[in-house]
Each structure stands twice: as structure tokens, then as C-alpha cells.
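Participant:
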Amino acid sequence: MAKQGILIVLSGPSGAGKGTICQELLRSYPELNYSISATTRPARVGEQNGVNYWFISRPEFQKMIENDQLLEWAEVYGNFYGTPCHHIAELLNSGKDVVLEIDTQGAAQIKKKFPQGVCIYIAPPSLDELAKRIHKRGTESLENIKTRLSSASGELTYVHNYDYVVVNDEVQSATNKIIAIIIAEKCQVVRNIATINNILSNAKKNF
Ligand code: 5GP
């Protein structure tokens, strides 16, 4: 049986830089598989269906919930977002690693359903920096920016439910830390029982 892949969850407040880090992670670690979320949010300029998200209607999203097709889902700033389950189990069972980039509500659901998942909290260096980044991104209305900032300070307290925290003060160094976490997780004894047993049974045969 192939070794199980690792489910890596990148989460944290909006504007912490999860998306940028995730892109950099996929560039530097191409064997990772990105899980494309479904959302009812309208596509932003430059976003593509099936690349950034699966852009679907509210009734379609509701149907996915009813049919148990989402590993987790949440309402974030008035829109629905969720992780489609088909494909993920298949990838993990064939030894492939999968990365999710989701909000803190979704990460809590994954930790409950899938405790062996590795949850990494991406924190901004400060709330001032977070505000600067959301303004600079220029994709949100002033109203939306206010909502995102006011929920961010509360969301920072969720960090205690995660396995790791990475402060995003610089994208490359934050990405390198995440790669180091993945490599360390792959070396955990519990994830290598079959390999260890194999070494031990060969040792018994030879001596
Ligand atoms: P945005 O609208 O800026 O693309 O995303 C808003 C928030 O939704 C971000 O915090 C993002 O991480 C989160 N998000 C994206 N996809 C998912 C998902 O599948 N599930 C959950 N729970 N949150 C998601």
C-alpha cells in the first residue's frame, strides 16, 4: 500500500498573505497538489474558473452541502467557500500531498474530521501591516476592508488550535519555513511505520 500523503492546511486572517505564500509554495514544491475550493463569490478580474476557484451559484453550493460533497465549508464575509472532497481522498491514498488555503472556521472543521492533517497558521507581522496589505491589494470595497480588519484581531486568538504558526514578514522565508514543516512531518515515526517494519524485517532475515 502506498504511504498516505499529507493534508496541509494554510489558514489565518484575510490579508496575512496565505494566497501569495501558497502560490510560492506550489512553485518551489511542485509535487504538492492544490485543492481548488468552490465559492459563491463572484470572480475578480483575472480569476479563472477551475484555476483560482470553482465559481458556483448558491443553490449549487447548497446542493454540494446536502450531498456531503464538501470536506469543510464556511460562510466568509457573506459568501460561501468550501473544499470539494472528491479527488482529495484519492490523492492522499495514492501518497500525494495536498494543500488547502482556507479560513479559520474551515481549518477547525478539518482538524476535527482529520486530526492527522497539518494545520499551519499564517500570521501577519502586525495588525497595522495587515491593514496596509488589504488596502494595497485593492480588490475589496471600503466596507469589506473594515469587516476583514475587525474580524482579523479576533481570528488571531484561534492560533492556539493550530499545529504551527508562521509569521509572514517575508514571503520567501515564510514559504521556506512551511517547506521545512512538511519535510519534518514526513519524517515523523507514525508516518513511517511501514518503512520501519520493512527495515526491521530485512534486518531479521540478514542477521
Ligand atoms: P477571498 O474571497 O479573498 O478569495 O477569500 C476569502 C477567505 O476565504 C480567505 O480567508 C480564504 O482563505 C477563504 N477560503 C478560500 N477557500 C476556502 C474554502 O474552501 N473553505 C474555507 N473555509 N475558506 C476558504
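Position 129, counted from 1, in the sequence shown is what our numbering calls 125; the numbers after and before it change by one each time, with no gaps. A virtual CB, placed ideally from N, CA and C, is assigned to each residue, including glycine.
Ends of the beta strand (DSSP E) at Pro80?
Facilitator: Unbroken beta strand (DSSP E) run through Pro80: 75 to 80.
Participant: State the Cα-Cα distance for the pair Thr191 and Ile179, rounded to the nearest angstrom.
Facilitator: C-alpha separation (whole angstroms): 16 Å.
Participant: Can you tell which of Glu27, Asn75, Ala103 has its C-alpha closest to the C-alpha of Gln112?
Facilitator: Considering only alpha carbons, the answer is Ala103.
Participant: Taking the alpha helix (DSSP H) that Leu196 falls in, what are its first and last residues?
Facilitator: From DSSP, the alpha helix (DSSP H) with Leu196 extends over 189 to 202.
Participant: Sort out for me which residues DSSP pairs Val72 with in a bridge.
Facilitator: Val72 pairs with Asn75.
Participant: Is DSSP giving Ser7 helix, strand or coil here?
Facilitator: Ser7: strand per DSSP, three-state reduction.
Participant: Please specify which runs of the alpha helix (DSSP H), each continuous and at least 4 residues long, are wholly inside the segment 108 to 187, giving them in chain order.
Facilitator: Runs of the alpha helix (DSSP H) inside the segment 108 to 187: 123 to 133, 138 to 151, 167 to 182.
Participant: In the structure shown, what three-state DSSP assignment does Thr36 receive?
Facilitator: Coil at Thr36, not helix or strand.
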